[in-house]
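Working notes, beginning with the structure itself.
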Amino acid sequence: MIAAPVDTTTVRALYVHIPFCERKCSYCDFTSVGGVQRQRPYVAALRAELRRIAEALPGTRLDTVFIGGGTPSLIDTQLLTEILDEIRTGFTLAAGAEVTMEANPSSTTERKAEQWLRAGVNRISLGVQSLEPDVLAFLERVHDADRAVGAVRAVQRAGFEAVNTDLIYAAPGLDDARWRSTLERILDLGCTHLSCYELIVEEGTPLASAVERGEVRTADADTALRQHWTAVELAGRAGLRQYEISNFARPGAECRHNLAYWHNDFYLAAGVGAHGHLPPRVADLILPSREGAAPAGEAHAVRYWHTDSIPDYISGSHPIAGVEYVDPADSVSESILVGLRLTEAGLPLDDRGARREAETLREAGLIEWDGRRARVTARGQELLDAVALRLVNACDGVAHAS
Ligand code: SF4
Numbered sequence: 105m106i107a108a109p110v111d112t113t114t115v116r117a118l119y120v121h122i123p124f125c126e127r128k129c130s131y132c133d134f135t136s137v138g139g140v141q142r143q144r145p146y147v148a149a150l151r152a153e154l155r156r157i158a159e160a161l162p163g164t165r166l167d168t169v170f171i172g173g174g175t176p177s178l179i180d181t182q183l184l185t186e187i188l189d190e191i192r193t194g195f196t197l198a199a200g201a202e203v204t205m206e207a208n209p210s211s212t213t214e215r216k217a218e219q220w221l222r223a224g225v226n227r228i229s230l231g232v233q234s235l236e237p238d239v240l241a242f243l244e245r246v247h248d249a250d251r252a253v254g255a256v257r258a259v260q261r262a263g264f265e266a267v268n269t270d271l272i273y274a275a276p277g278l279d280d281a282r283w284r285s286t287l288e289r290i291l292d293l294g295c296t297h298l299s300c301y302e303l304i305v306e307e308g309t310p311l312a313s314a315v316e317r318g319e320v321r322t323a324d325a326d327t328a329l330r331q332h333w334t335a336v337e338l339a340g341r342a343g344l345r346q347y348e349i350s351n352f353a354r355p356g357a358e359c360r361h362n363l364a365y366w367h368n369d370f371y372l373a374a375g376v377g378a379h380g381h382l383p384p385r386v387a388d389l390i391l392p393s394r395e396g397a398a399p400a401g402e403a404h405a406v407r408y409w410h411t412d413s414i415p416d417y418i419s420g421s422h423p424i425a426g427v428e429y430v431d432p433a434d435s436v437s438e439s440i441l442v443g444l445r446l447t448e449a450g451l452p453l454d455d456r457g458a459r460r461e462a463e464t465l466r467e468a469g470l471i472e473w474d475g476r477r478a479r480v481t482a483r484g485q486e487l488l489d490a491v492a493l494r495l496v497n498a499c500d501g502v503a504h505a506s
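Numbered by this note's numbering, the letters in the sequence shown go through residues 105 to 506 in order.
Here it is as structure tokens:
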């Protein structure tokens, strides 16, 4: 009997990880190392993985590709071109596909940006983080404010229309006036997208140890909230609407790749440390034997992640470090946890228990609920995790009969 072909049409996004940085920042818990010494063997292994995936999933059509890191702008442009050529050879890029690359100001020039554009990148996400010297020093970033502004202008001059800048607030010593000034200067540059993230002390980072030893005092919750609302206000005034808790865009310039995460959609992943989310039958085709993993049962999805060891990844011996089945109930919970972040579009709720809880949350002023979609109110944004958990805990696994 010939097996029916596996449907890959729900898999439209690909994440590719480049783990090299100029040096490791103290607050960072991404898979990344200082220095690019191993970029060539790494890219060879990455291309081999991309080829394997593409051969296993013929005809896969991608709407978005996201090359993240690490610092992808640091690697040799020729290598970047080879990665994108590999992707175009193996997969079909849909018309108008979004191809994002993360870049840091210190490794961005107009000439390089022109080469990235020629290689097929059409959206740049710049890790500016701050324009304040003490904050940049605290974050151990290698650029200064001039370099950051220069990098934004360089990618714009090179021809990139879709440009995001990442900023960090609630950093130690960053008062409201200086945060406001950073936002104003960045927004003046006319980028199409802005991401503002609160500095989070991630477990296991040098920053976490410094906080534990009492050497660093992080901003209090009130300061963090005030600075969040300053970003919402100033971005809005500049024509960038808040569409996700931490993300702002001109209409139509939202990051489509990240929207796939917030919609809890499926996506492929390649590279060290990269996480993927696939339908079980698609995962079967690209993941090695899943012996020892929980039984698939009625699994709705499979989450998998790569080794975070660059040598292991390059050797190709153990590229996949873990696989986890997601049952339908967990998938609903995941969708609530990520989907409630979408402040503009909101989250469709089908679960009967969650819908009942949505009524209560609406009465408490925490969400807007029109009987179909839930959107957090301003107060709900401030209590996002608690609101999401209440919806998750209320789920009873029974779908609403429409
Ligand atoms: S540049 Fe970004 S990815 Fe690299 S170490 Fe710093 S925070 Fe982490």
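By construction, the Cβ of each residue, glycine as well, lies at the ideal position given by its N, Cα and C atoms.
Just so it is clear, the structure is predicted and the values come from calculations on it, not from any experiment.
By Cβ distance, which residues of its chain are closer than 8 Å to Y347, with the 5 residues on each side in sequence left out?
-> Here residue 347 refers to the residue found at position 243 when the sequence shown is read from its first residue. Hits under 8 Å: A353, E358, L446, T447, E448, A449.
From this set, L154, A323, T135, V305, which residue's C-alpha is nearest L278's C-alpha?
-> Reading the sequence shown from its first residue, position 174 is the one you call residue 278. That would be A323, whose Cα lies nearest to the Cα of L278.
Hey, is S136 close to the ligand ATP, as in C-beta under 7 Å from one of its heavy atoms?
-> Absence of the ligand ATP from the depicted structure is noted, with the ligand SF4 being the only ligands included.
Among E218, L161, G443, C295, which has the Cα closest to the Cα of L184?
-> The residue you call residue 184 lines up with position 80 of the sequence shown. Selected option, being the one with the closest Cα: E218.
Coil, strand or helix - I390 by DSSP | Along the sequence shown, read from residue 1 onward, the residue named residue 390 stands at position 286. I390: helix per DSSP, three-state reduction.
Quick one: using the 10 Å Cβ neighbour count with 16 as the cut-off for buried, is Q141 buried or exposed?
-> Walking along the sequence shown from the start, residue 141 turns up at place 37. Looking at its Cβ environment, which holds fewer than 16 other Cβ atoms inside 10 Å, Q141 is exposed.
Whose C-beta lies closer than 7 Å to the C-beta of I418 among residues of the same chain, with five residues either side of it excluded?
-> Indexing the sequence shown from 1 puts residue 418 at position 314. Only R142, P145, Y146, A149 meet the Cβ criterion.
Would you list, in sequence order, the uninterrupted beta strand (DSSP E) runs of no fewer than 3 residues that lie entirely inside the segment 135-202?
-> Assignment of beta strand (DSSP E) within the segment 135-202, counting only whole runs of 3 or more residues, yields 165-173 in chain order.
Three-pair Cβ contact test at 8 Å for the segment 284-304 versus the segment 265-272 | The answer is yes - the segment 265-272 touches the segment 284-304, with three or more Cβ pairs under 8 Å.
Would you check if there are 3 or more beta carbon pairs closer than 8 Å linking the segment 310-318 to the segment 367-385?
-> Look at the beta carbons and you see the segment 310-318 not touching the segment 367-385: under three pairs across the two are nearer than 8 Å.
What is the DSSP secondary structure of V406, reduced to helix, strand or coil?
-> Within the sequence shown, residue 406 is the residue found at index 302, counting from 1. Assignment of V406 by DSSP, reduced to helix, strand and coil, places it in the strand class.
Where the alpha helix (DSSP H) containing Y273 begins and where it ends | Numbered from its first residue, the sequence shown carries residue 273 at position 169. First-last for Y273: 266-273, but that is the beta strand (DSSP E), not the alpha helix (DSSP H).
How about L230 and R257: are their beta carbons less than 8 Å apart?
-> Translated into the one-based positions of the sequence shown, residue 230 becomes position 126. Translated into the one-based positions of the sequence shown, residue 257 becomes position 153. No, Cβ-Cβ distance for L230 and R257 is not below 8 Å.
Run the proximity test for C359: is its beta-carbon closer than 7 Å to any non-hydrogen atom belonging to the ligand SF4?
-> As a working mapping, residue 359 is identified with position 255 in the sequence shown. No, Cβ of C359 sits at least 7 Å from all heavy atoms of the ligand SF4.
Can you tell me the Cβ-Cβ gap for H410 and A378, rounded? I've got them flagged as a contact below 8 Å.
-> Residue 410 sits at position 306 when you count from the first residue of the sequence shown. Residue 378 sits at position 274 when you count from the first residue of the sequence shown. Contact flag correct, Cβ pair sits at about 5 Å.
Proximal residues to N368 (C-beta, below 6 Å), its chain only, five neighbours per side dropped = Along the sequence shown, one-based indexing puts residue 368 at 264. Residues E438, S439, V442 of the same chain have their beta carbon placed closer than 6 Å to that of N368, with the five preceding and five following residues left out of the count.
Measure from the alpha carbon of I414 to the alpha carbon of each residue in T213, R116, G138, then state which is nearest.
-> For the purposes of this step, residue 414 is identified with residue 310 of the sequence shown, where counting begins at 1. Residue G138 is the option with its Cα nearest to I414.
Residues of its chain near A223, where Cβ-Cβ distance is below 6 Å and the 5 sequence neighbours each way are ignored = The sequence position of residue 223 within the sequence shown is 119, counting from 1. L184, T185, L188, listed in sequence order.
Does the segment 111-129 touch the segment 161-181, meaning 3 or more C-beta pairs lie closer than 8 Å?
-> yes
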